[in-house]
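Engineer:
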Amino acid sequence: MSTVIAEMPGHELPTESHVNYLNVDHSVKSWLLTVDHKRIAILYLISITLMFFVGGFFAVLMRLNLIEPQGLVAPETYNKLFTMHGVIMVFFFLVPSIPATLGNFLVPLMIGARDLAFPRINLLSWYIYIIGAAFTLYAVISGGVDTGWTFYTPYSSTFAHSQVIPTALGVFITGFSSILTGLNFIVTIHKMRAPGLTWFRLPLFIWAMYATSIIFILGTPVIAITMFLLGLERLLHIGIFDPAIGGDPILFQHMFWFYSHPAVYIMILPGMGVMSELITAFSRKRIFGYTFVAFSSFAIAIISFLVWGHHMFVTGQSVYAGLIFSVLSFLVAIPSAIKVFNWTATLYKGSISYEAPMLYALGFIGLFTMGGLTGLFLASLATDVHLNGTYFIVAHFHYIMVGGAVMAYLGGLHFWWPKITGRLYPDAWARFAALVIFVGFNLTFFPQFVLGYLGMPRRYAVYPGEFQVLNVMSSAGASILGVGYLIPLIYFIWSFKYGPIAGPNPWGAKGLEWTTPSPPPTENFTEIPIVTEDAYDYAGTTGRRTHG
Amino acid sequence: MTGLVQFGLGFLAQMAAMLPLHPPTASTIAENVDLLYYFLTVLTLFFTALIFGTIFFFMVKFHRQSPDEIPADTQTHLFLELTWTIIPTLITFVIFVWASVLYVQNSRPPASSTEMFVVGKQWMWHIQHPEGIREINEMHVPVGQPIKLTMTSEDVIHDFYIPAFRVKKDVTPGRYSSLWFQATEVGTYHLFCAQYCGTDHSEMIGWVYVMSPTDYAAWLAGGSKSESMAQMGGRLFSQLGCQSCHTGESSGRGPSLAGIYGTSERMRDGSARTVDDVLIRQAIVNPNSIALPNYPPIMPTFQGQVNEEQVLQLIAYVKSLGPEERTMSSK
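Next comes the structure, spelled out in structure tokens:
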């Protein structure tokens with residue numbers, strides 16, 4: 089009798105034998121008041137996953153509406169759907185996604201530290217994020233907002249009759265959580281690296297986090313100022329964006345994009361960092377061109393502040409400004425190309441295996457390449473005039489943000505899941521999900537490139553019938569994509585409780601995070617490691633890492 | 065067999081008709097933009113295929129053979145790094161120059177352009193022809209004639225977009241933006257608003273009718289309006305009482321407007337400004353922001369009393385005032 093019970097799944101739960109950050113204390117208080125970077129990463133993981141599915145739900149409704157040229161919901165409803173989809177996905181999912189979850193979890197582990205430099209500030213970041221999210225969700229529940237995630241004035245400041253203020257306040261507040269996270273990362277990376285872990289021995293994920301943090305700190309205050317001015321304009325009508333009293337609505341766009349273009353790199357740079365980890369681990373090779381990959385992150389971070397005007401080629405911006413922003417936009421593409429070539433070259437003569445994280449990584453390279461190359465159409469002045477404001481833009485940035493950033497995020501989550509939870513997930517399901525997501529993604533967004541060149545403007549609740557075939561294709565793809573995102577949610581939740589024990593290093597990967605048990609103890613390392621080798625030294629050519 | 069081939073070709077043709085890859089090509093610049101677009105498309109496909117192909121090749125060729133296989137190190141190759149930095153840089157430079165030359169060429173309307181006026185308003189397009197005809201969400205233009213649009217908005221930012229002409233420009237309140245095109249094919253083409261402008265943004269659409277010059281002349285003649293824009297502006301000028309100050313004499317309380325359009329006026333701070341559409345509009349809606357040396361700031365604002373279409377009519381009127389009309393305006 090007892091053997092029968094033992095064979096039933098769930099009755100013999102695998103359990104960790106060691107005390108770790110997850111089982112050290114199970115009380116709710118211990119979670120809500122934790123200053124452990126790993127637990128804060130989990131808090132973020134739960135919060136942003138929730139926001140992802142809220143934002144995704146709006147996307148599903150949008151794609152449903154667009155099956156029919158005359159639309160299925162009222163235009164004001166559709167306008168709110170795309171606005172809330174954008175606001176939630178950009179500010180509450182994509183921007184915090186990799187830095188706040190994987191970054192929070194991994195930065196101290198990868199550099200051999202016991203925590204971030206300012207653990208309490210780290211917890212504060214999460215609370216600020218939650219307060220910001222609460223304002224935005226309040227705006228959603230209390231009627232929604234219909235300005236587009238770009239909040240262009242004077243529509244947002246004077247004409248919109250929706251919850252602009254709570255939404256702007258939510259974006260304003262949550263920005264501070266980004267700033268504090270960036271600050272925490274920069275100080276931690278400077279001051280808390282393990283002995284022997286020199287700058288050029290750092291994993292490239294850390295370089296990417298550092299570059300992202302620079303943008304967090306320099307860029308985010310500008311969106312805060314912009315949202316603040318928008319609020320003042322709407323409440324008190326101070327006139328800064330109102331042409332009727334001498335203001336300039338275009339000024340808003342300059343300020344908005346001064347943050348929001350670098351913000352695109354906040355979303356993609358961490359993904360690039362994840363890529364370097366995945367490609368090396370699953371080909372068991374040192375990264376090809378370490379310094380080129382590392383410095384290209386900085387080149388991107390710096391140039392990204394100088395290209396905002398390419399969002400404004402058709403605003404009546406002067407020809408000369410257009411030319412300068414165009415050439416700089418081409419320039420920012422080069423470091424990204426360098427990264428793609430180096431990842432590809434890393435595979436050369438490697439020992440490549442295809443577990444789920446690697447499939448996401450390869451998917452990233454393909455989709456990011458397409459996203460990047462279609463960016464050239466928009467950096468080119470003559471073609472941008474035609475494509476600006478159409479579905480081509482929508483397709484392009486979804487290839488970067490969803491095909492790129494979300495693929496990298498999922499790849500990273502699959503890669504470090506055994507470290508985070510100590511459990512394995514069913515790899516076959518994970519590979520299947522990666523495939524479903526890849527197919528669903530392309531079917532959703534590729535037709536939108538064609539729609540854009542044909543001239544279909546974005547943010548249209550109803551549209552001429554000739555665009556229907558491509559829209560139906562896109563909506564069909566979206567339903568596949570939606571299913572693709574639900575599969576990992578299910579097996580991750582399953583794995584958290586029932587997954588087989590992973591052990592400290594299930595992939596045979598290099599990096600300090602794999603030298604400590606899974607899940608790691610609260611203090612990360614029993615003894616601080618001393619590093620004597622380069623990153624990704626699978627061949628063991630630069631010496632041996634010793635402990636103590 | 066031939067039937068099958070015929071069916072196949074017919075099906076493909078039908079598919080191609082259902083799924084075109086570009087909008088109608090109906091302006092002088094459309095083909096040039098398409099050429100760049102297709103070049104970029106080929107480039108994108110080439111590099112995507114190159115990257116994908118290389119990855120697939122490596123994946124198969126360097127598949128892990130045994131669980132404990134450790135490959136030998138590959139050294140970073142400076143020559144390769146420089147190659148794949150410099151070649152893409154050169155390619156992007158070529159694209160930049162190509163696209164920019166096209167853009168700069170397209171940015172200046174030819175001197176022979178006919179001017180037309182567009183006012184965007186939630187959620188419709190008002191079009192005015194200099195001859196006085198006004199249209200809503202429809203624009204009739206003659207084929208082969210360069211048309212320059214001067215555009216502004218009554219409320220929020222809109223964007224005037226004709227995909228078949230590959231032209232687009234934001235229409236912004238408080239500013240005049242301009243856009244020009246020369247239609248090459250008679251036909252009916254979409255006109256879209258491409259900047260989100262509120263609830264019925266997607267209904268702010270219309271049609272551009274490109275007509276042969278004779279049809280266009282007939283259409284113009286059939287219009288009910290007998291007054292030109294300048295005449296309408298002149299009527300407004302007296303209705304609003306403008307002539308009580310702008311008498312046309314140097315003794316008037318306001319400067320004479322005769323022959324003033326296009327001249328350079330000295331401001332009180334010593335700077336000089338050209339009297340153009342922007343300055344005249346500013347003088348009407350925010351007169352005291354223009355400080356003239358010999359005139360006190362006594363002009364009231366006409367903001368709210370005239371809409372943007374009427375401002376354009378007033379500008380057309382001022383523009384029409386040659387020096388010889390001095391006496392007329394002082395009547």
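These protein sequences, in sequence, are chains A and B. My numbering numbers the first residue of the first sequence as 89 and each following residue consecutively. My numbering numbers the first residue of the second sequence as 65 and each following residue consecutively. Note that CB positions come from ideal geometry on N, CA and C, so glycine has one too. No experiment lies behind these values; they were computed from the predicted model shown.
DSSP three-state label for tryptophan 595 of chain A, please.
Structural biologist: Correct three-state label for tryptophan 595 of chain A: coil.
Engineer: Go ahead and label leucine 9 of chain B buried or exposed: buried means 16 or more other beta carbons lie within 10 angstroms of its beta carbon, across all protein chains shown.
Structural biologist: Only positions 65 to 395 of chain B appear in this structure, which leaves residue 9 of chain B out of reach.
Engineer: Ends of the alpha helix (DSSP H) at lysine 168 of chain A?
Structural biologist: Start and end: 163-175.
Engineer: Quick one, which residues of the segment 578-592 of chain A are near chain B if we go by CB-CB under 8 Å, in chain order?
Structural biologist: Per Cβ criterion, the list is empty.
Engineer: Cβ atoms of valine 362 of chain A and alanine 518 of chain A: under 7 Å apart, would you say?
Structural biologist: Contact flag unset, no.
Engineer: Go ahead and pull the three-state DSSP assignment for lysine 232 of chain B.
Structural biologist: Residue state, collapsed to three classes: strand.
Engineer: Would you say histidine 86 of chain B faces chain A, with C-beta separation under 7 Å as the test?
Structural biologist: Closer than 7 Å: yes.
Engineer: Hey, could you find the ends of the alpha helix (DSSP H) leucine 569 of chain A is sitting in?
Structural biologist: Its alpha helix (DSSP H) spans residues 556-586.
Engineer: Using the C-alpha atoms, what's the distance from lysine 383 of chain B back to methionine 392 of chain B?
Structural biologist: Because the pLDDT of methionine 392 of chain B is 44, which lies under 50, any placement of that residue in the model is unreliable, and the question is left without a value.
Engineer: Straight-line CA distance for arginine 128 of chain B to leucine 435 of chain A?
Structural biologist: Roughly 11 Å separates the two Cα atoms.
Engineer: Taking leucine 285 of chain A as the reference, which of A:Glu365, A:Thr532, A:Thr165, A:Leu600 has the closest Cα?
Structural biologist: That would be A:Leu600, whose Cα lies nearest to the Cα of leucine 285 of chain A.
Engineer: At the level of alpha carbons, what is the spacing between glutamine 536 of chain A and proline 364 of chain B?
Structural biologist: Cα-Cα distance, rounded: 51 Å.
Engineer: To the nearest angstrom, how far is the alpha carbon of serine 176 of chain B from that of proline 87 of chain B?
Structural biologist: Cα-Cα distance, rounded: 27 Å.
Engineer: Grouping DSSP H, G and I as helix and E and B as strand, with all else coil, what is phenylalanine 224 of chain B?
Structural biologist: Strand, per DSSP.
Engineer: Determine, using beta-carbon pairs with one atom in the segment 461-469 of chain A and one in the segment 558-575 of chain A, whether at least three such pairs fall under 8 Å.
Structural biologist: Counting Cβ pairs under 8 Å, fewer than three are found: no touch.
Engineer: Do valine 550 of chain A and glycine 159 of chain A have their C-beta atoms within less than 7 Å of each other?
Structural biologist: For valine 550 of chain A and glycine 159 of chain A, yes; Cβs fall inside 7 Å.
Engineer: If you reduce the DSSP assignment to three classes, tell me which class asparagine 352 of chain B lands in.
Structural biologist: In this structure, asparagine 352 of chain B counts as helix in the three-state DSSP scheme.
Engineer: Assuming isoleucine 453 of chain A is part of the beta strand (DSSP E), what are its boundary residues?
Structural biologist: Where isoleucine 453 of chain A is concerned, there is no enclosing beta strand (DSSP E), although the alpha helix (DSSP H) it sits in stretches over 444-467.
Engineer: Quick one: residues in its chain with C-beta nearer than 7 Å to the C-beta of serine 438 of chain A, no 5 flanking neighbours on either side, listed in chain order?
Structural biologist: It is glycine, not serine, that sits at residue 438 of chain A in the sequence shown. Excluding positions up to five away in sequence, the list reads Ser371, Arg372, Lys373.
Engineer: How about valine 183 of chain B and glutamate 372 of chain B: do their beta carbons lie closer than 7 Å?
Structural biologist: Yes, these two residues count as a Cβ contact at 7 Å.
Engineer: Are the Cβ atoms of serine 266 of chain A and phenylalanine 304 of chain A separated by less than 7 Å?
Structural biologist: For serine 266 of chain A and phenylalanine 304 of chain A, yes; Cβs fall inside 7 Å.
Engineer: Does the segment 525-544 of chain A come close enough to the segment 582-600 of chain A to have 3 or more Cβ pairs within less than 8 Å?
Structural biologist: Flag = no, the segment 525-544 of chain A and the segment 582-600 of chain A do not touch.
Engineer: Would you kindly report the start and end of the unbroken alpha helix (DSSP H) that includes tyrosine 32 of chain B?
Structural biologist: Here chain B covers residues 65 to 395 and nothing more, so residue 32 of chain B does not appear.
Engineer: If we call anything under 7 Å between Cβ atoms a contact, is proline 337 of chain A one with phenylalanine 329 of chain A?
Structural biologist: Yes; because the gap between Cβ atoms is below 7 Å, this pair is in contact.
Engineer: If the cut is a Cβ gap below 7 Å, which residues of chain B does arginine 372 of chain A touch?
Structural biologist: Chain B residues near arginine 372 of chain A: Ile134, Pro135.
Engineer: Using a Cβ-Cβ cutoff of less than 6 Å, which residues in the same chain neighbour tyrosine 624 of chain A once the five nearest sequence positions on both sides are dropped?
Structural biologist: Closer than 6 Å at the Cβ level, and outside the excluded window around tyrosine 624 of chain A, lie Thr368, Arg374, Ile375, Lys598.
Engineer: Can you tell me the Cα-Cα spacing of methionine 96 of chain A and glutamine 251 of chain A, whole angstroms?
Structural biologist: Unreliable placement is indicated for methionine 96 of chain A, whose pLDDT of 44 sits below 50; no coordinate value is reported for it.
Engineer: Report yes if the C-beta distance between valine 228 of chain A and methionine 172 of chain A is below 7 Å; otherwise report no.
Structural biologist: Taking 7 Å as the Cβ cut-off, valine 228 of chain A and methionine 172 of chain A qualify as a contacting pair.
Engineer: Work out the CA separation of glutamine 307 of chain B and phenylalanine 170 of chain A for me, nearest whole Å.
Structural biologist: Near 51 Å, if we compare the C-alpha coordinates of glutamine 307 of chain B and phenylalanine 170 of chain A.
Engineer: Apart from the five residues just before and just after lysine 168 of chain A, which ones in its own chain have a Cβ nearer than 6 Å to its Cβ?
Structural biologist: Counting only Cβ-Cβ distances below 6 Å, and skipping sequence neighbours, we find Gly232, Asp234.
Engineer: What number of angstroms, rounded off, separates the C-alpha of phenylalanine 480 of chain A from the C-alpha of threonine 105 of chain B?
Structural biologist: Each residue's alpha carbon lies about 13 Å from the other.
Engineer: Do phenylalanine 386 of chain A and alanine 299 of chain A come within 7 Å of each other at the CB atom, strictly closer than that value?
Structural biologist: In this structure, phenylalanine 386 of chain A lies closer than 7 Å to alanine 299 of chain A by Cβ.
Engineer: What residues in the segment 106-129 of chain B bring their beta carbon closer than 8 Å to a beta carbon of chain A?
Structural biologist: Taking 8 Å as the Cβ-Cβ cut-off against chain A, the residues of the segment 106-129 of chain B that qualify are Leu107, Thr108, Phe111, Thr112, Ile115, Phe116, Thr118, Ile119, Phe122, Met123, Phe126, His127, Arg128, Gln129.
Engineer: So for serine 242 of chain B, helix, strand or coil by DSSP?
Structural biologist: Strand, per DSSP.
Engineer: So which residues on chain B does glutamate 164 of chain A lean against when the C-beta distance must stay under 7 Å?
Structural biologist: Here the neighbours are Thr263.
Engineer: Do valine 235 of chain B and methionine 215 of chain B count as a contact pair if the criterion is CB distance below 7 Å?
Structural biologist: It is a contact, given that the beta carbons lie within the stated cut-off.
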